[in-house]
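Quick notes on the structure that follows.
Numbering (my numbering), first residue to last: 526 to 978.
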């Protein structure tokens, strides 16, 4: 994914927020940070990653997240969906801070999915989109907040699902600029639509962006959970328009499918490329992402996880873009052993070794008694399926690799860096690890972020 996309885990968000909330970018050193205090955000290791497609906007700090508000100015927290008579977890209403910075999903599910939205209003600042799939009996919502030097906490655009149990906002992403008007667009999944047939919705950006759906994409049949994962795929066919990819792992007894839709001045809702898993229960499409351009042919490629393949051995697949892109996988990666959950998380890693080819990263959070393992594959003109670098979690049940992403070039050395989440660390305390790219990248984390509960 080219966006700094958190999907269902918040550890990537933790790091992203810390990077952006500071003011300088120098003297990076390996360290562990305790996020329990506000002052920890101002230490020498919480430097800005800059404003790019791999980060959230400037101004997204811990205080900012705690004061997010809806269109009426009402403060949003994850205490909104309590049962009648239930005692709030946090009487002060600051549960949102705990939820996002601790990685614990609860309550209204606000913040379950978070992404850069790109610059949807064309003001030169990247914006942020946050999903709240539990809103109003799981009708769901997604909130867009415009970036700026003094970013405020009132939502600028609010997108709402069509009906209860749509789970709208479960997945959110920038769509890139699918219609070529110069504004970034957004993509929101609602996998519960119509008995879990599922839908995904594209909203065009604009100087005065509204909340009307511009393109509606719909799954093929009930229980397909179309829209469980969404992402920009980059420009896979080289026509100058950004394209999107949507996963539907429930298709045909959980064989799974993923669908690419080409952008265009008048984008339609017919899939242009449809990729299908190998057999029942493959769960192909649970995770989808742009792969960047792994073979440097000028076309963006895509990366899809199938975390149910072959008794949980699991797989991930790269499909190369092209002017006539097909649905045959070009590179197939297979996990090690059973129950490793390889491919639950997949992402572009950017070009971490500086060879001019985009690289990819896949997580296997169940590897070695849920200690977890992450695999990096270098791109090349004829890319193979052998991992070039592997990283391991610290101890059992850490679930290292449950979320993975490119982090952009956070230390400014010209190499892309990566970020890996381990939500299971210390009984869900959670940890996030940043590894700096370099010609010969090592497996020692350069920055570690954690929370003291």
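Glycine residues also receive a C-beta, built at the ideal position from the N, C-alpha and C atoms.
Compute the distance between the beta-carbons of residue i and residue j, then report whether it is under 8 Å.
i            : j           : result
residue 669  : residue 642 : yes
residue 839  : residue 889 : yes
residue 961  : residue 936 : yes
residue 899  : residue 945 : yes
residue 949  : residue 867 : no
residue 774  : residue 823 : no
residue 654  : residue 635 : no
residue 808  : residue 788 : no
residue 729  : residue 708 : yes
residue 778  : residue 736 : no
residue 826  : residue 843 : yes
residue 891  : residue 917 : no
residue 1054 : residue 667 : In the structure as shown, the chain starts at 526 and stops at 978, and residue 1054 therefore has no counterpart that could be examined.
residue 677  : residue 717 : no
residue 882  : residue 951 : no
residue 647  : residue 664 : no
Compare the C-alpha of residue i against each of the options and name the closest.
i           : options            : result
residue 927 : 830, 937, 853      : 830
residue 782 : 762, 794, 744, 793 : 744
residue 721 : 713, 710, 739, 692 : 692
residue 803 : 760, 835, 965, 920 : 835
residue 931 : 884, 965, 759      : 884
residue 965 : 940, 911, 860      : 940
residue 981 : 660, 975, 776      : What is shown of the chain runs 526 to 978, which leaves residue 981 out entirely.
residue 510 : 963, 786, 688      : Outside the displayed span of the chain (526 to 978) sits residue 510, for which this structure offers no information.
residue 759 : 719, 701, 734      : 701
residue 848 : 764, 859, 786      : 764
residue 925 : 903, 897, 906      : 897
residue 880 : 860, 863, 861, 904 : 904
residue 920 : 938, 893, 907      : 893
Here's the rule I'm using: 16 or more other beta-carbon atoms within 10 Å means buried, otherwise exposed. How should residue i be labelled?
i           : result
residue 674 : exposed
residue 780 : buried
residue 953 : exposed
residue 747 : exposed
residue 857 : exposed
residue 947 : buried
residue 741 : exposed
residue 869 : buried
residue 959 : buried
residue 649 : exposed
residue 711 : buried
residue 929 : buried
residue 971 : buried
residue 794 : exposed
residue 911 : exposed
residue 645 : buried
residue 979 : Look at the range of the chain in this structure, 526 to 978, and you will see that residue 979 is not part of it.
residue 543 : Residue placement at residue 543 is poorly supported in this model, since its pLDDT is 34, which falls under 50; the coordinates still yield a value, given next. With 16 or more Cβ atoms within 10 Å of its Cβ, residue 543 is classed as buried.
residue 934 : buried
residue 561 : Note that residue 561 has pLDDT 33, beneath the 50 cutoff, so the model's placement of it is unreliable and no number is given.
residue 582 : In this predicted model, residue 582 has a pLDDT of only 47, less than 50, meaning its place in the structure is not dependable; the value taken from the coordinates is given anyway. Classification for residue 582: buried.
Am I right that residue i and residue j are in contact with their C-beta atoms under 8 Å? What's the rounded C-beta distance?
i           : j           : result
residue 657 : residue 694 : 5 Å
residue 766 : residue 703 : 6 Å
residue 715 : residue 723 : 7 Å
residue 769 : residue 755 : 7 Å
residue 699 : residue 640 : 6 Å
residue 828 : residue 771 : Actually they do not touch by this definition, with Cβ atoms about 14 Å apart.
residue 672 : residue 651 : 5 Å
residue 757 : residue 697 : Actually they are not in contact, since the Cβ atoms of residue 757 and residue 697 sit about 11 Å apart, beyond 8 Å.
residue 909 : residue 846 : The pair is not a contact, with the Cβ atoms about 18 Å apart (cut-off 8 Å).
residue 914 : residue 968 : 6 Å
Spell out whether any CB of chain B is found under 8 Å from the CB atom of residue i.
i           : result
residue 943 : Of the protein chains in the structure, only one exists, and it is not chain B.
### Query
Looking at C-beta atoms only, is the number of pairs between the stretch 791-799 and the stretch 810-819 that lie closer than 8 Å three or more?
At 8 Å Cβ cutoff, the stretches do not touch.
### Segment contact flag, the stretch 873-882 with the stretch 849-857, C-beta cutoff 8 Å, min 3 pairs
no
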